[in-house]
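First up is the structure itself, then whatever we jot down about it.
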Amino acid sequence: MKRYLILLLVSFQGLLAQVQFEAKVSKNTLGLNERLRIDFTMNIDGDNFNQPSFEGFRIIAGPSQQVSQSWINGKSSFEKTYSYYLLPNQKGTLIIKQASIEYNGQIYKTSPIKINVTNAVQEAKDPNDAAQVSADNNLYLVADISKTNPYVNEPITVVYKLYFSYNIGITNWRELDKPKYNDFWSQNIDIKQLVGEEGMFKGEKYRFVVLRKTVLYPQKSGKLVIEPLSLDVDVQLPTNRRDMFGRVAVTNGNKRVSAGAKSITVKALPEAGKPEGFSGAVGKFDFKVIPSKTNLKNGESLNLIISASGNGNMKLFNLPKPVVPNSLEMYDPVHSEQVNTALTGMSGKISDSYTIIPQYKGNYAIKPMQFSYFDLNTGTYKTINSPEIMINVLDGPIVNNDSSASHAATSEVAKNKISSTDQFKYIKLKSKLISMKKDDFFGSKSYFMLLFLPFFILPLIVMLKKKKEAIDGDITGSKIKMNNKLAKKYLSEAKKQINNKEPFYVALEKALHNFLKGKLNIETSEMTKSNIQELLLSRNASPETVVEFINLTENCELARYALLSSSTIQDDFDKAVLIISDLEKQIS
């Protein structure tokens, strides 16, 4: 009797045990160059662990998983931990948000953690493992500016180059701060492929990579500042040690470099000689005004095309507007641009197309137009004049020459006059009559349908309730359905993230695990390599498919931190779909 009482108390204690899921960090204050370890620990075997986004940090290792289970003096304990190593990307107060797990249909989350990141600190190093060279004097980020004293709207180029000596190696880099171009119009030039080149830097031979090319047009005069580009670069440095073959061993390091802020002194365009109506065009242009036709019949229209072509700030000025007589009705223009942007600046053609419709018979003149621009080659303003254009309207009503006011009045009356055929257009000619007599609801078909509807619905409710109770009682079946549903969900998520390496492999790994749990009806703690292999073979899975499945699950974590091409990621996704399909057919 006493033994049964002890077992009852132990079982009751297990029922009262609370679920614990918490996040622990190695330190709450660290330098910009120090690593942070964070552990997500739970006392139950939770499923579907979702890591936080780690905003402001970079994951350099993890997640690694540890599971421990023990039974001491009749008391069992379980602990599962997911560990990460992080490196901060910026100074200040950073927040590590909540992680979550699922257990028995409930969602559990950790509390957010506040981390204070200070300036980089001096780290003690092992003298036996010291690098022979430092990245400080072998790695530079440079911003080459084509001109530091341009005019307003004169194009300049900024080319960002990463120089590194032959003593070190570069494995990866990430942008920390993107350059800001306040008070500039900017256009990035696409770099299709990064190519390593050689060149002289500080009097020595260096390797370099062009990372970014940008064309800038300053929009105001005075001193303007280009905010810097900053990078976090992973480097390999030689050490004093050698391997068993006598080769110099290397150590992995990290270096943050910045191109520095750059100041540009912009000159204002000269006021002397500035033409009236100058709209800000700077460069070298050709100006044309071309009508689609000059002889018209009554009711016909013409297109007046005003265009400027050449090299300059094509997108940053307005074309002049034509002045036409009152007897020609002109509509708002259609603007078009055919402009290419290269390192030398913008070039191409812009145009405004006006539709003009004459109202009366006669000859009408479109006045000459002027287009002015500032020529950078000569440092002077230039003006192009278009010729006068005569429009000949061959027929139609004749304009009354009494006064321009009577012309406008006559035109307005003609517009607002309604013809005799349209004066009854908006009067309804058909009527739709509705009977005033209404049927009583009592004794109608609707009345009897609503009266007997509960008697028909009640048996249906009883049947649905019994079916739901049967489904709820089948805990194993529900769990299998849930795992299959999660496997499809994460496989779909992996397909969406196929261009993002790390989220893709996280989702793919979860899809494979949930597929196994659904097919083999096992828990996460039972998912060891030998156990999975034994269970799959016992369920008639082919040995080749089992080996491919295990290899794919082992490679998921390693692939997250390896340099892979998009074709390799696509191959892993196709392989996962094929393996899951084969196991669906083979497992009995």
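Quick note on my numbering: the sequence shown kicks off at 19 and runs consecutively. We treat Cβ as the ideally placed atom computed from N, Cα and C, and that holds for glycine. Quantities reported herein were computed from a predicted structural model and do not represent experimental measurements.
Measuring CB to CB, does residue i end up less than 8 Å from residue j?
| i | j | result |
| --- | --- | --- |
| Thr136 | Lys109 | yes |
| Ala576 | Ala594 | Inspection of the sequence shows that residue 576 is occupied by Leu rather than by Ala. Against a cut-off of 8 Å, the Cβ pair of Ala594 and Leu576 comes out as no contact. |
| Pro70 | Tyr100 | no |
| Lys519 | Ile587 | yes |
| Phe335 | Gly291 | no |
| Ala161 | Leu247 | yes |
| Lys302 | Leu412 | no |
| Met348 | Asn381 | no |
| Val43 | Tyr126 | no |
| Gly414 | Lys448 | no |
| Val284 | Val176 | no |
| Leu112 | Phe58 | no |
| Leu322 | Ile402 | no |
| Leu157 | Val268 | no |
| Leu611 | Phe591 | One cannot answer for residue 611 here, as it falls past the ends of the chain, which runs 19 to 606. |
| Pro340 | Phe389 | no |
Residue range of the alpha helix (DSSP H) that residue i falls in?
| i | result |
| --- | --- |
| Glu552 | Lys547 to Ser556 |
| Leu157 | That residue, Leu157, is in no alpha helix (DSSP H); its beta strand (DSSP E) goes Leu157 to Ile163. |
| Phe533 | Lys519 to Leu538 |
| Leu576 | Pro561 to Ala577 |
Contact defined as beta carbons within less than 8 Å: I believe residue i pairs with residue j. What is the distance between those atoms, to the nearest angstrom?
| i | j | result |
| --- | --- | --- |
| Ile56 | Tyr102 | 5 Å |
| Phe202 | Tyr235 | 6 Å |
| Leu255 | Ile186 | 6 Å |
| Phe39 | Ile119 | 6 Å |
| Phe533 | Ile598 | 6 Å |
| Asn233 | Gly363 | According to the sequence provided, residue 233 is Val. The question's Asn does not apply to it. Indeed, because the Cβ distance is near 6 Å, the residues count as touching under 8 Å. |
| Ser325 | Ile368 | 7 Å |
| Ser365 | Asn329 | 5 Å |
| Glu172 | Leu361 | About 14 Å; that fails the 8 Å criterion. |
| Tyr391 | Lys400 | 6 Å |
| Glu97 | Ser86 | 5 Å |
| Asn313 | Asn410 | 5 Å |
| Thr359 | Ile282 | Their Cβ separation, rounded to whole angstroms, is 19 Å, which puts Thr359 and Ile282 out of contact at 8 Å. |
Out of the options, point me to the one whose CA is closest to residue i's CA.
| i | options | result |
| --- | --- | --- |
| Glu193 | Val275, Ser510 and Val253 | Val275 |
| Thr396 | Leu287, Gly49 and Gly271 | Leu287 |
| Val243 | Lys528, Tyr199, Ile113 and Ala559 | Tyr199 |
| Val342 | Val300, Ala383, Leu538 and Ile78 | Ala383 |
| Tyr372 | Ile402, Ser319, Gln356 and Thr398 | Ser319 |
| Leu104 | Trp191, Asn61, Glu52 and Ile113 | Glu52 |
| Ile163 | Gln211, Asn270, Ile174 and Asn156 | Ile174 |
| Ile540 | Thr59, Asp63, Lys42 and Tyr523 | Asp63 |
| Arg230 | Ser94, Val251, Gln205 and Lys238 | Gln205 |
| Gly295 | Val284, Met481, Met387 and Pro309 | Met387 |
| Gln211 | Val228, Leu469, Glu222 and Pro415 | Val228 |
| Val564 | Leu596, Pro338, Ile416 and Ser464 | Leu596 |
| Glu289 | Thr398, Met481, Ser88 and Ser310 | Thr398 |
| Ile133 | Val170, Leu48 and Asn66 | Leu48 |
| Lys535 | Ala41, Lys45, Asn66 and Leu50 | Asn66 |
| Glu215 | Lys238, Lys196 and Leu180 | Leu180 |
| Lys223 | Gln237, Ser556 and Tyr184 | Tyr184 |
| Phe682 | Leu555, Leu468 and Ala559 | What is shown of the chain runs 19 to 606, which leaves residue 682 out entirely. |
| Gly278 | Val307, Gly221, Pro197 and Asn270 | Pro197 |
For residue i, does the count of other Cβ atoms within 10 angstroms reach 16, so buried, or fall short, so exposed?
| i | result |
| --- | --- |
| Ile207 | exposed |
| Ile218 | Note that residue 218 is Met in the sequence shown, not Ile. Classification of Met218: exposed, given that the 10 Å Cβ count is below 16. |
| Phe466 | exposed |
| Gln377 | buried |
| His531 | buried |
| Met454 | exposed |
| Arg259 | exposed |
| Leu346 | buried |
| Gly32 | With a pLDDT of 45 at Gly32, under the threshold of 50, the modelled position of that residue is not reliable, and the figure given next carries that caveat. It counts as exposed. |
| Tyr508 | buried |
| Lys537 | buried |
| Asn331 | buried |
| Met481 | exposed |
| Ala512 | buried |
Would you give the residue range spanned by the beta strand (DSSP E) that residue i belongs to?
| i | result |
| --- | --- |
| Phe234 | Note that residue 234 is Leu in the sequence shown here, rather than Phe. That run of the beta strand (DSSP E) goes Glu222 to Pro236. |
| Ile516 | Careful: Ile516 lies outside any beta strand (DSSP E) and carries neither H nor E. |
| Ser204 | Phe202 to Ile207 |
| Ser183 | It is not in any beta strand (DSSP E) - Ser183 carries neither H nor E in the DSSP assignment. |
| Leu212 | Leu212 -> no beta strand (DSSP E), and no H or E assigned at all. |
| Val243 | Gly240 to Ile244 |
| Met364 | Gly363 to Pro376 |
Is there a Cβ of chain D sitting closer than 8 Å to that of residue i, yes or no?
| i | result |
| --- | --- |
| Asp57 | Looking at the structure shown, chain D is missing, and only one protein chain is on hand. |
Under the criterion of a Cβ to heavy atom distance below 7 Å, does residue i qualify as lining the ligand MG?
| i | result |
| --- | --- |
| Val177 | The ligand MG is absent from the structure shown, which contains no ligands of any kind. |
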